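Chemist: Just so you know, the sequences run in chain order P, Z, U and L.
Be aware that the first sequence starts at 69, since it is given in our numbering, and climbs by one per residue.
Be aware that the second sequence starts at 69, since it is given in our numbering, and climbs by one per residue.
Be aware that the third sequence starts at 69, since it is given in our numbering, and climbs by one per residue.
Be aware that the fourth sequence starts at 69, since it is given in our numbering, and climbs by one per residue.
Protein chains: 4
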Amino acid sequence: MPPSNAPLLAAGPEVVAIPGPSVMPARVLNAMHRSMPDIYAGDLTDVIDEVFDALPAIAGTTSRAFVPIGNGHAGWEMALSNTLSRGQLVLVLDCGRFAAIWGEMAEFNGLRVETITAPFGQAIDPAVVEERLAADTGHEIAAVLTVHVDTASSVRNDIPAIRSAIDAAGHPAMFMVDCIASMGCERFEMDAWRVDVTISASQKGLMTPPGLAMVWAGPKALAAHESADLRTRYWDWTYRTEDGPYYLRFCGTPPVSHLFGLREALRMIDEEGLEARYARHVRLADAVRAAVRAWSTEGGLGFTATVAEQRSHAVTSIRTGSIDADALAHRCRDQFGVTLGVGIGGEPGTSFRIGHMGHVNAPMVLGVLGAIESALADLGAPTAGSGVAAASAALAAAGHDG
Amino acid sequence: MPPSNAPLLAAGPEVVAIPGPSVMPARVLNAMHRSMPDIYAGDLTDVIDEVFDALPAIAGTTSRAFVPIGNGHAGWEMALSNTLSRGQLVLVLDCGRFAAIWGEMAEFNGLRVETITAPFGQAIDPAVVEERLAADTGHEIAAVLTVHVDTASSVRNDIPAIRSAIDAAGHPAMFMVDCIASMGCERFEMDAWRVDVTISASQKGLMTPPGLAMVWAGPKALAAHESADLRTRYWDWTYRTEDGPYYLRFCGTPPVSHLFGLREALRMIDEEGLEARYARHVRLADAVRAAVRAWSTEGGLGFTATVAEQRSHAVTSIRTGSIDADALAHRCRDQFGVTLGVGIGGEPGTSFRIGHMGHVNAPMVLGVLGAIESALADLGAPTAGSGVAAASAALAAAGHDG
Amino acid sequence: MPPSNAPLLAAGPEVVAIPGPSVMPARVLNAMHRSMPDIYAGDLTDVIDEVFDALPAIAGTTSRAFVPIGNGHAGWEMALSNTLSRGQLVLVLDCGRFAAIWGEMAEFNGLRVETITAPFGQAIDPAVVEERLAADTGHEIAAVLTVHVDTASSVRNDIPAIRSAIDAAGHPAMFMVDCIASMGCERFEMDAWRVDVTISASQKGLMTPPGLAMVWAGPKALAAHESADLRTRYWDWTYRTEDGPYYLRFCGTPPVSHLFGLREALRMIDEEGLEARYARHVRLADAVRAAVRAWSTEGGLGFTATVAEQRSHAVTSIRTGSIDADALAHRCRDQFGVTLGVGIGGEPGTSFRIGHMGHVNAPMVLGVLGAIESALADLGAPTAGSGVAAASAALAAAGHDG
Amino acid sequence: MPPSNAPLLAAGPEVVAIPGPSVMPARVLNAMHRSMPDIYAGDLTDVIDEVFDALPAIAGTTSRAFVPIGNGHAGWEMALSNTLSRGQLVLVLDCGRFAAIWGEMAEFNGLRVETITAPFGQAIDPAVVEERLAADTGHEIAAVLTVHVDTASSVRNDIPAIRSAIDAAGHPAMFMVDCIASMGCERFEMDAWRVDVTISASQKGLMTPPGLAMVWAGPKALAAHESADLRTRYWDWTYRTEDGPYYLRFCGTPPVSHLFGLREALRMIDEEGLEARYARHVRLADAVRAAVRAWSTEGGLGFTATVAEQRSHAVTSIRTGSIDADALAHRCRDQFGVTLGVGIGGEPGTSFRIGHMGHVNAPMVLGVLGAIESALADLGAPTAGSGVAAASAALAAAGHDG
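1. For the structure I just gave you, are there three or more beta carbon pairs, one from the segment 389 to 398 of chain U and one from the segment 437 to 453 of chain U, closer than 8 Å?
2. Taking only runs that begin and end inside the segment 307 to 334 of chain Z, name each unbroken beta strand (DSSP E) of 3 or more residues, in chain order.
3. Which residues in chain L sit within 7 Å of U/Val324, going by Cβ to Cβ distance?
4. Check each residue of the segment 417 to 436 of chain P: if its Cβ is closer than 9 Å to any Cβ of chain L, include it; give the result in chain order.
5. Among Z/Ala464, Z/Ala220, Z/Ala439 and Z/Ser454, whose alpha-carbon lies nearest the alpha-carbon of U/Gly476?
6. For U/Pro416, count neighbouring C-beta atoms within 10 Å of its own C-beta (all shown protein chains included) and say buried if the count is 16 or more, exposed if not.
7. State the start and end residues of the unbroken alpha helix (DSSP H) segment that holds Z/Leu201.
8. Going straight from the alpha carbon of Z/Pro194 to that of Z/Thr266, what length do you get?
9. As a quick exercise: from Z/Leu274, Z/Val84 and Z/Ala78, pick the residue whose alpha carbon is nearest that of Z/Arg421.
10. Could you tell me which chain Z residues have their CB closer than 8 Å to the CB of P/Cys319, listed as they occur along the chain?
11. What beta strand (DSSP E) runs, 3 residues minimum, are completely inside the segment 110 to 193 of chain L?
12. Give me the chain U residues within the contact set of L/Phe176, using Cβ-Cβ distance strictly less than 9 Å, ordered along the chain.
13. For chain L, find out if any of its Cβ atoms is closer than 9 Å to the Cβ of U/Ile337; answer yes or no.
14. Compute the Euclidean distance between the alpha carbons of Z/Leu152 and U/Thr407, then round it to the nearest angstrom.
15. Leaving aside the five residues before and after P/Gly455 along the sequence, list all residues of the same chain whose C-beta is less than 6 Å from its C-beta, in chain order.
16. Just how far apart, CA to CA, sit Z/Ala147 and U/Ala347?
17. Can you check whether the C-beta of U/Leu179 is within less than 9 Å of a C-beta belonging to chain Z?
18. Near P/Gly80, which residues of its chain fall below 7 Å by C-beta distance, leaving aside the five closest residues on each side in sequence?
19. Express the C-alpha separation of L/Gly435 and L/Ala77 in angstroms, rounding to a whole number.
20. Under 7 Å Cβ-Cβ, which residues of chain Z neighbour U/Glu340?
21. With 9 Å as the threshold, decide whether the Cβ of L/Ile107 is near any Cβ in chain U.
22. Any heavy atom of the ligand GDP closer than 8 Å to the Cβ of L/Glu198?
23. By DSSP's criteria, U/Asp246 is part of a beta bridge. Which residues make up the other side?
24. Using DSSP with H/G/I as helix, E/B as strand and the rest coil, what is Z/Phe371?
25. Answer yes or no: do U/Pro105 and U/Leu112 have a C-beta to C-beta separation smaller than 9 Å?
26. Using three-state DSSP, classify P/Ala78 as helix, strand or coil.
27. Tell me where the beta strand (DSSP E) around P/Leu408 begins and ends.
28. May I ask you to list the residues that DSSP assigns as paired with U/Ala557?
29. Using a Cβ-Cβ cutoff of less than 6 Å, which residues in the same chain neighbour L/Pro70 once the five nearest sequence positions on both sides are dropped?
30. Looking only at its chain, what residues have a beta carbon closer than 6 Å to the beta carbon of L/His468, apart from the 5 residues adjacent to it on each side?
31. When we look at the beta-carbon of P/Cys163 and count the other beta-carbons within 10 Å, is it buried (16 or more) or exposed?
32. What separation, rounded to the nearest whole angstrom, lies between the Cα atoms of U/Gly178 and P/Pro93?
33. With DSSP run on the structure shown, which of helix, strand or coil describes U/Trp363?
34. For U/Gln271 and chain Z, any beta-carbon pair shorter than 9 Å?
35. Starting from U/Val84 and walking both ways along the beta strand (DSSP E), at which residues does that stretch end?
36. Near Z/Glu118, what residues of its chain come up, given a Cβ to Cβ distance below 6 Å and the 5 sequence neighbours on each side ignored?
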């Protein structure tokens, strides 16, 4: 009786392995579980200071961050509205799905948009960017917009290489990078890579429930801000000055709970260390990739991101070939208590995603892979070998060489 | 030794009696304290349905609400950007502070703004509104903006009377009302009073930590939306359709924790009943006002809101005359563990505010009043009699006549 | 309509002013809200060390405490079983209710019991103790058992005076004192006062939910332990050695959540300081007593504890004379959201109790007193004046003289 | 650099896979996170009623349970003291470690004790029990004490078979069974199996933090209670009557937080259903056993419980042969964030234990097994094959046949 059987193995703590919102640490949830403080003085202002002081380092910059209450799309809109003017042209570099949506927002908000789209499953080719910018001899393009990691395709762009392409073209466009899926998980160096605007949000590698975005603004962006005519009050950087009362930084009442939570998350990041954090994400991603390779068959499972070095360390999209990805996801959830991320892009039912970002470790990754393997077997899906065994082996090796 | 004495009586649960963020119920905080669910299906979508279904009733309307992640200012910007176009004229009715700030936002965002300002401490005079609108024979004024309750002055406008004034002038302007300080506390009937756009936020009478705004849009507003050119993607009502996937209602990742919290708060409101809730706020406000009257002396304490029937049932601003309001607030906080709201408007140090909104009851109000009375005595401030005794007496009477 | 009226003012945070379990600090509840750790090593063992190291000081002793999982009665049984043998005689000094119950336990467990009962509302007279012990020339009495504060009558015994009485009689009996209602609230000096066994529990002044008892054992008690034949394994002090593995201190699995909670509570006590804590309890008790005096009428409200200097600073029992105490308590709870402690001892419906122990401060006490005053007025009960006004005045004075 | 490498993969939620305290559901922790209620009326008394009404069914009985605040040892002492008298003889059946400790308690508390010890790794042989009881023609043996599952050896006794042995011997001894490690995980039918006293505790299959024990007393035990002379007040069943006030059931202040938590846990058990729960534990245990078998080598890993049908479905003890079990446990914890249970019994460092009891599911078990496999590889330990692959395969099969 499959129906009555279904829930048996799913009791116990639900495991949600989607690429964000990710697993929230108990420390963060406990920090958010508190009564409301005074919002003009005392504890909350200390928290705000600590959060704003800590944010630059995690983006590899000395530039301050703005922190709108909102999600990642709020970060996108804050970035656009503070730096651009109606009718300006932006060049969107899309390697999956999210840069394109950002571009749609830019167009809706009054900008002209031109998009370079990488073949699905591949990162942006910097040479194509250089070629397009070199052709823009009038410097009509005001900004280049892209993502560090595309959450849909799980492809990671080579940001330094794109920066070099812009430079090689001698083009003055601002360079804006969405790091929503990668911040705190994958190395990102805003200053060293000369990114002008960096965008992130709380709910993935930063381990805080959705509801906060972050926008780091470099000097070129702040200069553009002076004359940008898309500016509106809610997003406006000048209004959100750090010189005035604390609530102005949030254009009104501060997001109390989230600030206490984010403060705790930033402390956890500091305690672990960014380098250790990046290394952890690489190793866990390697384990996931070892599993996918072990399962992989002709016409069966494989990577959405076709080029190995372009695969994100925070999320992995897996194409399922002849296997029904939706059936697999349902089996994982109903039988084994594991919720996978739905595939985005491509035909429906042909891929799924695993988030391995933020507050994640070896038993979580292995448990998810093990449950997928059980579900694959349960469905009679073809696999070349045991993915979870390969992942365990990969993690063992990781233990040796530091 | 006053310094060492100071903290003695302040141990125990801190009481923050500011006019928002208010006291959060344990039920709400517990509901927010949870792991992240799938955001495409399951529990979260049930919560979203329940929240959206419950929101119309609390505003006295059948119109649906939009729920931007953000604070009250986000609600303001959503309302303006979805219904108005660059260069249009709006008439702001200010009776304290917050309508004026909303007007500043409107101007910054490209609207022309004209403001009618009530004498400080008084509500808007509907006759003045009627006169101005009647003079606008060309119907240049696209919208009338005001607040239901001004959180600074604690004055409540007579919204039905202003509506009648607009009607009497035969003016087609949209009528937009900010109910951030009053929603869930004071009677508000969007449909019966023919308000076109109502704005609120989570952190006051709705008993949910700051981070969510609500904008209820009536038919006239939705019609105006069609041609409004201030629209941007993050705020856009059309994009936030209920017909598509749930995340579109939030223009991206939903605010998971807040939605679980707001759902619980809305259930609590439903369990208590809106009428009982309004009656409770009246009685507790009456107790506060009985205290202020008992304390009141020539040149000493008194009401900021000079007209009795204009005093809000959710917040009370108290002018302190010759008494240093800042010294009083510090004494309350440091000696007695009670944080008062700072006065806004008027000379610095000449007023303070007490929030009595949302999750509040007799012992809370009496405890705050008692601590203020102790602090007043401690400062040697003149008072005509015992405010807390008068408040206790007022609440006793409230018990009798139902 | 009183029924529909009833709940109106009771919405908001329920205030439970019973004499224990008392108000739990958010810090303590949050510390308890955690996953289970390893019980053999790591965090938990650090917590156990910190708790055991901190417990002696709060009892004014250098003797170690034993910490049985259990309530106050568990503490009683641990004390008796570890130090006494079947058929031995104990002298119980009862000034309310709880010493007598302890005596019933002693008798049930195989001891002979003789009880000195103070007139209700009065503390034990040390002269009577001295007289009885002097008459016990054969030193048949093995132990003297009493309470520091009786939670029922709210009478505080003069422990040093009783100690002096024992000494004056030249009697070698062990002196065992139940400090369940007073520990952390009222000064207690186990070593200076030469108490041999002190008993307390977590849920009152120690601000941790019920479930832990503490028994501090002095040298005389540890010596008596060697030959006591009431010993059983669960309570046995020798088995609960600190020399072995940590779980032995709890005779099995440690009470994980409570230990994390108690650790946090002990840190809060340390941060406030014991002297400041005692002073706070005196002042808040003074405020309660000022209210009772102000309400007091011939035949109406008054103190159960008839002698002023014998009144506890942690709990106050109030006799209600002609007023129906049960009706008053129901009115407080149903109308105003304040739960009072039921009266214990005397005729039913003739007294009630207010707990003012542990995590308590001025607004809490004033809120409870104000609600009682409202309820008294609501019932038409006779009162001489405003108790809550008197309490506010008393707290103001407390602010001056440090 | 192993040291700096160590913590990398251990970030993320700590997984504690010890055989109790087990993983606590968020629902239970949230239910415990609350302010203290009145203890004489209202919510708490509803909770107590619900808990006491629900407890019989989970033990397969109509007999009521007593619920001492305490751990499992408290349950043992309550059972002994309420039913036996000094000098009586009890027969202890030990198949690991815990029945023997219970026997030590019995002896300490004044009983005579005779122990039948199974060969380590094996269950009690019912024939041996029958033989001994048949030889006790004078019926000197008052009670037979054993465990359902021994948490140390992970051996499960055949309780119906032992019952049959007692019957076959025609012996009237009471039959007392410790179900601390099995209750809520493995089928147990107190009434059908004619067990007279059943003992459990909150922290394993009942998913509530340590601090509560349960003792179900059948008719024969209640009859023996009448004349038992080991009775003491704290444990006494008569005093803990359900006819009086609620606090008497706990011999004093009730364990408020734990009762709210246990109520929620019992609701979760009811929602899942006992049969589904037993089936889940069998399947997850089968997965663990599939892994052990796959790893198993001559001289390497293997089962402590040597007979397949005697292996518990709640805990598995694994002997490590030539592999250093302590090194393995440290590697699991430090490298991979998984805490294993230390081995109990046998030479130090030669075994470890995995708890798979209560709030546990497929990804948790697979994650723990995967981490162990990684650690084994990391240590260069010999294994015959991939245990985690075998476990995934076992769970897949479980999905098919319901």
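Glycine residues also receive a C-beta, built at the ideal position from the N, C-alpha and C atoms.
This one's a predicted model, so the numbers in the text were calculated from it and none came from an experiment.
Modeler: The short version:
1. yes
2. none
3. Pro89, Pro277 and Pro278
4. Gly426, His427, Val428, Asn429, Ala430, Pro431, Met432, Val433, Leu434, Gly435 and Val436
5. Because chain U here runs from 69 to 470, residue 476 of chain U falls outside it and cannot be looked at.
6. exposed
7. Pro194 to Ala203
8. 19 Å
9. Z/Val84
10. Asn139, His141 and Ala142
11. 157 to 162 and 180 to 185
12. Arg299, Thr300, Arg301, Asp304 and Tyr307
13. no
14. 53 Å
15. Ala359, Ala362, Trp363, Leu437 and Glu441
16. 54 Å
17. no
18. Gly405
19. It is worth fixing the name first, because residue 77 of chain L is Leu in this sequence and not Ala. Cα to Cα, the separation comes out at about 13 Å.
20. Ala79
21. yes
22. In the structure shown, the ligand GDP is absent, as is every other ligand, since no ligand is present at all.
23. U/Val215 and U/Ile267
24. strand
25. yes
26. helix
27. Val406 to Val410
28. Outside the shown range of chain U, which is 69 to 470, sits residue 557 of chain U, and nothing can be said about it.
29. Caution applies to L/Pro70, whose pLDDT of 36 falls short of 50 and renders its modelled position unreliable; the model cannot decide the point.
30. Any reading at L/His468 must be qualified, since the residue scores a pLDDT of 46, below 50, and its modelled position is unreliable; the value itself is stated next. So no residue of the chain qualifies.
31. buried
32. 52 Å
33. helix
34. no
35. Val83 to Ala85
36. Arg331
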